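The structure appears below as structure tokens.
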Amino acid sequence: MGVDILTTGIEATKCGQFAILLAGHGTEYVRETYGGVPTLIKNLLSDVDEVWDTFRVVDGEFPSDADLYKYEGFVVTGSCEDAHGSTQWVLDLCEVIRKVHRMNRKLLGICFGHQVISRALGGKTGRAINGWELGLKKIVLSNPAYPKPYIRQLPSSLSIIEVHQDEVYELPPGGEILASSDKTSVEMYAIGNQVLGVQGHPEFTKDITANIIDTYLEKHNLSDDFIARAKLTLREGEADREIFAQLCKSFLKATPCQVHPLDYELIGIDAPEAVEKSFQIIQRGQYIVS
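Mapping of the sequence shown onto numbering that gives the first Met the number 0: residues 0 to 289, in sequence order.
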């Protein structure tokens, strides 16, 4: 007998449902000009008829365990907070990331998100060894990147906007470096086909970055020459935003959605466990359909 997941109190994953784990409010300029960071993320990644929900984890708003089952993918955004710090919401976010990972959902991390996912899953992060990265940067794809289905047929190097003073030191177990730059050894990484970290900001535009440089970086005592060179990169180059958008979308949306109703009796476990187990079954291609 098939048992519909919707009758168990845990909502089944549906195609096209994603969650943004908002780790920073963004600048006043982003909020007034673009409608906020969630809008930037949705403009970059969303397609027609998809549902994108936002949880403001920076304010302590986290999805419940039942909520987590609703989504096929999660995006952890950038933040002014240290991914290696002990702020309570960062520690709580690490726990949510571990839960999502155990549930075999997709995890995309951007800047802080890239770092905190690595930390949560067993990697190490901290202050960037070579100091701030600021402006338009060229990153070079490494050989292990090319077998990934979302990276095939890309050029060997890409340009992306960067604004960060922290980095990933060591990857979690099973992690592999997909791209590096002259100052940052882990610009992109993956863990299987479930986790993708991007140190840069594919959602940022040049005007957003220029505003950050002019308005928010004074307190960091960056030299006039360093800031001038960062601004020059914005004037002279263009970020590969469309390529990164397609890369991230292909990663998030490559795995087929859960098929249900699911026969819990066949699996031989209780309903909440069955929902998690079903994703392992689906990944092996053993679909259970009514």
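Glycine included, each C-beta is placed from N, C-alpha and C at the ideal position. Quick caveat, the model's predicted, so the values are computed rather than measured.
Item: Which stretch, first to last residue, makes up the alpha helix (DSSP H) that contains residue 107?; Value: Careful: residue 107 lies outside any alpha helix (DSSP H), inside the beta strand (DSSP E) at 105-109.
Item: Looking only at DSSP bridge pairs, what is residue 52 linked to?; Value: 18
Item: According to DSSP, is residue 150 part of a helix, a strand, or is it coil?; Value: coil
Item: Just to confirm my understanding: we take residue 191, look at its own chain, exclude 5 residues before and 5 after, and list those with CB closer than 8 Å. What are they?; Value: 173
Item: Nearest CA to the CA of residue 177: which residue from 161, 169 and 186?; Value: 186
Item: Between residue 50 and chain D, is there a C-beta pair that is closer than 7 Å?; Value: Within the model displayed, chain D is absent; a lone protein chain is all it includes.
Item: What number of angstroms, rounded off, separates the C-alpha of residue 211 from the C-alpha of residue 228?; Value: 15 Å
Item: In terms of residue numbering, what span does the beta strand (DSSP E) encompassing residue 197 cover?; Value: 194-197
Item: Using only CA atoms, which one of 180, 29, 16 and 179 lies nearest to residue 53?; Value: 16
Item: Are residue 156 and residue 239 close, meaning C-beta to C-beta below 7 Å?; Value: no
Item: Go ahead and pull the three-state DSSP assignment for residue 41.; Value: helix
Item: Of the residues 252, 195, 134 and 244, which one's Cα is nearest the Cα of residue 216?; Value: 134
Item: If you compare alpha carbons, which of 118, 147 and 246 is closest to residue 201?; Value: 246
Item: Measuring only the C-alpha atoms, how far is residue 290 from residue 115?; Value: Residue 290 falls outside the range modelled here, since the chain spans only 0 to 289, and no answer is possible.
Item: What would DSSP say about residue 125, mapped onto helix, strand or coil?; Value: strand
Item: How many angstroms separate the CA atom of residue 125 from the CA atom of residue 49?; Value: 35 Å
Item: Quick one: Cα of residue 129 to Cα of residue 226, how far?; Value: 16 Å
Item: Beta-carbon within less than 7 Å of residue 149's beta-carbon, same chain only, minus the 5 sequence neighbours each way: which residues are those?; Value: 246, 249, 250 and 253
Item: What would DSSP say about residue 174, mapped onto helix, strand or coil?; Value: strand
Item: Quick one: using the 10 Å Cβ neighbour count with 16 as the cut-off for buried, is residue 146 buried or exposed?; Value: exposed
Item: Of all the options 30, 243 and 43, which has the alpha carbon lying nearest to the alpha carbon of residue 152?; Value: 243
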